[in-house]
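Note sheet for the following structure.
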């Protein structure tokens, strides 16, 4: 299989990406719980030492495998940490019909505050677990991951809306005081995945379940909206808010460039077009944004000067929100998709903004709208995980893709969904 990214990155961009991938992997190792009840849980961000997320933990499971492959982590140490991590996810982290609590105590694994039980965060956790099981080929890890995959009750979490679409709900809450309870129905279910976003690997996990028929798996895939929009000559199925990470996260685990769905859609090419549309929109806002005028682009979700923010670009379902913050994970996430178009922005970030870097690599956010450049202090585990995995892919690594795609559960899911190889 020919790797779809550029054969050779420019030397300075390759060196920068090597540094960033390795720094991100080391962050994920350093800010995960080394032992005890919460073994392997990765912090949501490094200025909140008690709060971990299962999604960041999933990305770390995959990134640690990249670390072994790159020779910066010891395989034996990683195997020990992974064994503990899957044990934590299976036995300690609270779950409801297989779906994990989103935020958990880093030391104990107990549900943090009033955290919801999240379908997407469970998906990301299990995607990383599948990669680790396949890559390490350890019987204990394999068995634990299989049990976690099998215990998910997909019938419980799915619904059929008024138009007859079969949809996965976003989350479940245990009480009226839980996070997101304001948007829950009488049974505790919160919203549904009725739009194109970061949930694509979720359907692979569902389709791989022996209790999910091919007909139901395909109904889930067909159920979410796939609106087509265009900006700057780049056409794509778009996400409502136009936030960039939703196009990149699915590519971290499954090699969508190797298949087409039943509609003949190339989701890798779709992510490339969405990235280039984002870049074009940012360039067109240069007159009203110092950040974009400097050549940076990639509005997404992350830390901004006023706190966590979800920014976007065109195409979108409404006027995009933006405050001039760029999370560098957007650029490293797009690097495998469009290396020539990403390289200039990475050079701006690297050479003109030394304050955006430290021993853990790039900051989580850059904003140039004020009198002085603003750089985010804390790092988010989710973004460091995505940077590690997607950055490695830009360097030509197929370790995560190969491990994920060859797992029997995923291979079965792909077959049920009717994807065709190219």
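Numbering (this note's numbering), first residue to last: 1 to 422. Glycine included, C-beta positions come from ideal geometry on N, C-alpha and C.
(1) Under 7 Å between the Cβ atoms of residue 307 and residue 299?
(2) Closer than 7 Å by C-beta to residue 1: which residues in its own chain qualify, once you throw out the five before and the five after it? Chain order, please.
(3) For residue 125 versus residue 66, is the C-beta distance shorter than 7 Å?
(4) With the cut-off set at 7 Å, would you say residue 405 and residue 255 are in Cβ contact?
(5) Going by DSSP in three states, residue 97 sits in which element: helix, strand or coil?
(6) Mind reading off the beta-carbon distance from residue 46 to residue 105? Whole number of angstroms is fine, and I expect it under 8 Å.
(7) DSSP three-state label for residue 238, please.
(8) Measuring CA to CA, which of 397, 382, 73, 302 is closest to residue 365?
(9) Contact between the region 75-87 and the region 150-157 is defined here as three or more beta-carbon pairs at a separation below 8 Å; is this criterion met?
(10) Just to confirm the assignment: which complete beta strand (DSSP E) runs, minimum length 3, are found wholly within the region 300-385?
(11) Which whole-angstrom value describes the C-beta separation of residue 382 and residue 176, a residue pair presumed to lie in contact below a C-beta threshold of 8 Å?
(12) On the three-state DSSP scale, how would you describe residue 116?
(13) For chain C, check one thing: does any of its Cβ atoms lie closer than 7 Å to the Cβ of residue 272?
(14) Our contact map puts residue 180 next to residue 116 with C-beta atoms below 8 Å; I'd like the distance itself, whole angstroms only.
(15) In this structure, does DSSP put residue 251 in helix, strand or coil?
(16) Indicate the three-state DSSP secondary structure (helix, strand or coil) for residue 243 in the structure shown.
(17) Which of helix, strand or coil does DSSP assign to residue 195?
(18) Measuring straight from C-alpha to C-alpha, what distance separates residue 192 and residue 10?
(19) In whole angstroms, what is the alpha-carbon distance linking residue 77 and residue 94?
(20) Applying the 10 Å Cβ sphere with the 16-neighbour rule, what's the burial state of residue 447?
(21) Alpha carbon to alpha carbon, what distance is there between residue 414 and residue 133?
(22) Measuring only the C-alpha atoms, how far is residue 412 from residue 219?
(23) Quick test of the definition: if touching needs 3 or more C-beta pairs under 8 Å, does the region 19-35 touch the region 377-396?
(24) Mapping DSSP to helix, strand and coil, what is residue 103?
(25) In whole angstroms, what separates the C-alpha of residue 280 from that of residue 232?
(26) Got a sec? Which residues, its chain only, sit under 6 Å from residue 274 by beta carbon, not counting five neighbours each side?
(27) For residue 423 and residue 334, I'd like the C-alpha separation in whole angstroms.
(28) Nearest to residue 353 by alpha carbon, out of 396, 291, 123, 403?
(29) Using 7 Å as the threshold, is the C-beta distance between residue 98 and residue 410 below it?
(30) Please return the same chain residues whose Cβ sits closer than 8 Å to the Cβ of residue 234, not counting the five positions on each side in sequence.
(31) By how many angstroms is the C-alpha of residue 239 removed from the C-alpha of residue 195?
(32) Output the distance between the C-alpha atoms of residue 407 and residue 378, rounded to the nearest integer angstrom.
(33) Locate the beta strand (DSSP E) running through residue 171, then write down its first and last residues.
(34) Just to confirm my understanding: we take residue 244, look at its own chain, exclude 5 residues before and 5 after, and list those with CB closer than 6 Å. What are they?
(35) Please state if the CB of residue 61 and the CB of residue 129 are separated by a distance shorter than 7 Å.
(36) Where in the region 24-69 do unbroken runs of the beta strand (DSSP E), each at least 3 residues long, occur, reported from the N-terminal end onward?
According to the data block:
(1) no
(2) Low confidence applies here, because residue 1 scores a pLDDT of 35, under 50, leaving its location unreliable; read the following figure in that light. Counting only Cβ-Cβ distances below 7 Å, and skipping sequence neighbours, we find 258.
(3) no
(4) yes
(5) coil
(6) Wrong, their Cβ atoms sit about 16 Å apart, outside the cutoff.
(7) coil
(8) 302
(9) no
(10) 301-304, 307-310
(11) That pair is no contact at about 28 Å.
(12) coil
(13) The displayed structure is made up of one protein chain only, and chain C is not part of it.
(14) 5 Å
(15) helix
(16) coil
(17) coil
(18) 42 Å
(19) 26 Å
(20) Only positions 1 to 422 of the chain appear in this structure, which leaves residue 447 out of reach.
(21) 18 Å
(22) 16 Å
(23) yes
(24) strand
(25) 6 Å
(26) 236, 247
(27) This structure cannot settle anything about residue 423, because the visible part of the chain is limited to 1 through 422.
(28) 291
(29) no
(30) 273, 274, 276, 277, 280
(31) 7 Å
(32) 35 Å
(33) 166-172
(34) 278, 298, 300, 330
(35) yes
(36) 51-53
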